[in-house]
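Participant:
In our numbering, the protein residues as written are 813 to 991.
#1: For residue 853, count neighbouring Cβ atoms within 10 angstroms of its own Cβ and tell me buried if that reaches 16, exposed if not.
#2: Kindly indicate which residue of 830, 858 and 934 has the alpha-carbon position closest to the one of residue 917.
#3: For residue 880, collect the residues of the same chain with a Cβ closer than 8 Å to its Cβ; drop the 5 residues on either side in sequence, then sort them by chain order.
#4: Could you tell me the alpha carbon to alpha carbon distance between residue 912 and residue 926, rounded to whole angstroms?
#5: Count the other CB atoms, across all protein chains shown, that sit within 10 Å of the CB of residue 921; report buried if there are 16 or more and exposed otherwise.
#6: Going by beta carbon distance, what residues of the same chain come within less than 7 Å of residue 840, once the five residues before and after it are set aside?
#7: For residue 924, which option in 937, 910 and 935 has the closest C-alpha, if you only look at C-alpha atoms?
#8: Where does residue 991 sit, in a helix, a strand or coil, going by DSSP?
#9: So, are the CB atoms of residue 939 and residue 900 less than 8 Å apart?
#10: Given residue 827, which residues of its chain have a CB within under 6 Å of its CB, disregarding the five upstream and five downstream residues?
#11: What did DSSP end up calling residue 846 once you bin it into helix, strand or coil?
#12: Out of curiosity, what's the CA-to-CA distance linking residue 894 and residue 908?
#13: Could you pull out every residue in the same chain whose Cβ sits closer than 7 Å to the Cβ of residue 991, ignoring the five residues on either side in sequence?
#14: Report buried or exposed for residue 832, applying the criterion of at least 16 other Cβ atoms within 10 angstroms of its Cβ.
#15: Spatial neighbours of residue 946 within its chain, please: CB distance less than 8 Å, with the 5 preceding and 5 following residues excluded, ordered by chain position.
#16: Beta carbon of residue 861, beta carbon of residue 837: below 8 Å?
#17: Rounded to a whole number of angstroms, what is the C-alpha to C-alpha distance between residue 887 and residue 906?
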């Protein structure tokens with residue numbers, strides 16, 4: 813099993829969302845004033861978002877991030893692989909569109925800011941890693957399930973040969989009855 817299995821990456825995403833929820837409740841400036849966050853903001857020429865530590869929206873964001881973490885944790889603990897195979901491509905497309913909108917819609921400051929773009933960018937990155945890991949695991953499972961060995965080939969050949977002999981016997985009997 814690889815270090816970056818889909819399970820490990822989903823746990824990383826859950827931890828990331830829990831951290832965002834905690835940061836919204838404790839002190840959002842630990843994220844917004846981070847040096848790497850500001851470097852990416854200036855490199856992409858995005859306006860910086862400034863939020864007061866007592867902003868009412870932060871409580872709502874904390875709840876949303878916490879619920880998103882829980883939304884991934886429950887299927888992960890149930891080992892519901894079909895859930896992640898269906899939701900991750902949808903999530904990837906959604907956050908890719910959000911990242912594009914936040915960069916290109918320069919007149920809409922609700923979307924065109926550093927917090928929306930960087931969050932959507934991180935989600936695209938994580939969901940792409942999850943998607944790649946799921947595809948790799950799916951291909952490995954397919955290879956394991958459809959592996960053909962020499963003994964299996966010989967048994968399949970013998971079974972086909974016997975089936976052909978049985979078919980010839982039934983044709984002879986049918987031919988005899990028809991005459």
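We put the CB at the ideal spot given by N, CA and C, even for glycine.
Since this is a predicted model, take the numbers as computed values, not measurements.
Facilitator: A quick look at the data gives this:
#1: Around the beta carbon of residue 853, a 10 Å sphere encloses 16 or more other beta carbons of the protein chains shown; the residue is thus reported as buried.
#2: Nearest Cα to residue 917 within the set 830, 858 and 934: 858.
#3: Only 829 meet the Cβ criterion.
#4: Computed Cα separation, rounded: 12 Å.
#5: By the neighbour-count rule (16 or more Cβ atoms within 10 Å), residue 921 is not buried but exposed.
#6: Excluding residues within five positions, the ones whose Cβ falls inside 7 Å are 863, 865 and 870.
#7: Nearest in C-alpha terms to residue 924, of all of 937, 910 and 935, is 910.
#8: For residue 991, the pLDDT reaches just 48, beneath the cut-off of 50, and the residue's location in the model is therefore unreliable, leaving the point undetermined.
#9: Contact: yes.
#10: Excluding positions up to five away in sequence, the list is empty.
#11: DSSP places residue 846 in coil when its eight states are reduced to three.
#12: Computed Cα separation, rounded: 22 Å.
#13: Per-residue confidence for residue 991 stands at a pLDDT of 48, beneath the threshold of 50, marking its modelled position as unreliable; no derived number is given.
#14: In summary, residue 832 is buried, with 16 or more beta-carbon neighbours lying within 10 Å of its beta-carbon over all protein chains present.
#15: For residue 946, where only same-chain residues beyond five positions count, the Cβ hits under 8 Å are 818, 893, 896, 897 and 900.
#16: One thing to note: residue 861 has its Cβ no nearer than 8 Å to the Cβ of residue 837.
#17: Going from the Cα of residue 887 to the Cα of residue 906 covers about 20 Å.
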